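Residue numbers (our numbering): 75 to 366. Here's the structure we're looking at; comments come further down.
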Amino acid sequence: MTLAVILSRQTTRLGLSFAGVAVSDGTTVRTQVLVRTGTGDDSRHAVALDAFEAVYEQATTAAEPVALHVNDAEVRVALLAAGGSFPAVDILTSARGRVPALLQIAGAAISTRLAELTPRRARASTPPTETTVATDASKCTGRRGVGVACVRVDGAHRQKFLPDVRSVLHGELLAIELAVAGFANRPLHVLTDSQAALACLGGDHPKLGDVASTVERIRLLTRGRAVRYSWVRGHDGHPLNEAAHRLAVAARRGHEADLPTDTRNAVTDNIISSLIATPPGTTHGLRTGRAA
């Protein structure tokens, strides 16, 4: 099934409205960015409809309807209301499956186009530095569910509990996906203590199932980006790895114990405070892993 997304974005600094298109046939992803002058609702709607016209033109040559998600709710509602007039597309009302990854790719395409349009004097004189992020997962014992987390040295982090995950390996890959999706605007160095996850990203993984689909989403998210992976020995004193582990455990235990939000936040704040207080420069057990 062919899947497409349209992502809307505006910049008041340049007075422009953008619509990023990403189309995936399951093997390749094609992107396109359309631009209109102005930052009002009319410009936002117009450029999104320009993008819809471009997607529909491709959809008319497809063997089956193209599934399309439009992130702009107003445009999406309008297209749903007129759905009978556009039989070559099926409008998706929710962002599930591969949709979030494609929205990230469409956003990256807009950022690239925006950089091309930005006056040279306003551009940074040096390339962005690499961001190092550690990831980890903590699996529930004897039942489904995993806490996942990612964190960088300045304390910026993401963590969540995913109730339907069956294996630690799947959780480790979901933690990596959390990192590449959450830290998307600069070169990225991802640290993981899972050699199995690195093997999956290198191509040694099941062809079907949750592991394979997660690997594919990570590849979509990292396509065209400077992303590398390294293995770090777990529980060996590496500050970022230890912080990622504690955040993942906190996400899992907070769910299991049904802790109040204030309590969960206090636990997270304590973990981040400990990380920031750790002297920089520790690199215990670091090995280069295979990139996707």
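Every residue gets a Cβ at the ideal spot worked out from N, C-alpha and C, and that includes glycine. Remember, it's a predicted structure, so these values are computed and weren't measured experimentally.
**Asked** Do A128 and L108 come within 8 Å of each other at the CB atom, strictly closer than that value?
**Response** yes
**Request:** Check whether the Cβ atoms of I346 and G229 sit closer than 8 Å, and answer yes or no.
**Result:** Cβ distance < 8 Å, so I346 and G229 count as in contact.
**Asked** With contact counted as at least three CB pairs below 8 Å, one residue from each stretch, are the stretch 88-100 and the stretch 151-169 in contact?
**Response** no
**Prompt:** Among the residues of its own chain, which have a CB less than 7 Å from the CB of L321, if the five just before and after it don't count?
**Reply:** A223, V225, H231, Q233, T342, I345
**Request:** Could you please give the first and the last residue of the uninterrupted alpha helix (DSSP H) stretch that includes V323?
**Result:** 313-330 is the span of the alpha helix (DSSP H), which, as asked, contains V323.
**Strand pairing of G94, partner residues [DSSP]** = Answer is L81, V107, bridged to G94.
**Asked** Mind checking whether the beta-carbon of A183 lies closer than 7 Å to any heavy atom of the ligand SAH?
**Response** Absence of the ligand SAH is noted for the structure shown, with no ligands found whatsoever.
**Prompt:** Rounded to whole angstroms, how far is the Cβ of L188 from the Cβ of N145, which I believe are closer than 8 Å?
**Reply:** 17 Å between Cβ atoms; not a contact.
**Asked** Are there three or more Cβ pairs, one per stretch, closer than 8 Å when the stretch 119-134 is compared with the stretch 204-218?
**Response** Contact between the stretch 119-134 and the stretch 204-218 is absent, because fewer than three Cβ pairs lie under 8 Å.
**Request:** Taking F126 as part of the alpha helix (DSSP H), name the residues at either end of that continuous run.
**Result:** 115-133
**Asked** Are the beta-carbon atoms of A253 and V264 separated by less than 8 Å?
**Response** yes
**Request:** Just the C-alpha distance for S241 and G112, rounded to the nearest angstrom, thanks.
**Result:** 49 Å
**Asked** Got a sec: is the Cβ-Cβ distance from R170 to anything in chain B below 8 Å?
**Response** Annotation note: the requested chain B is absent from the structure, which comprises a single protein chain.
**Request:** List the DSSP bridge partners of V264.
**Result:** V207, Y303
**Message:** In whole angstroms, give me the CA-to-CA distance for A137 and V163.
**Reply:** Each residue's alpha carbon lies about 11 Å from the other.
**Asked** By a C-beta neighbour count over all protein chains shown, 10 Å radius and 16 as the cutoff for buried, is I292 buried or exposed?
**Response** Buried, by the Cβ-count rule.
**Request:** Note down the Cα distance separating R326 from T209, rounded to an integer number of angstroms.
**Result:** 15 Å
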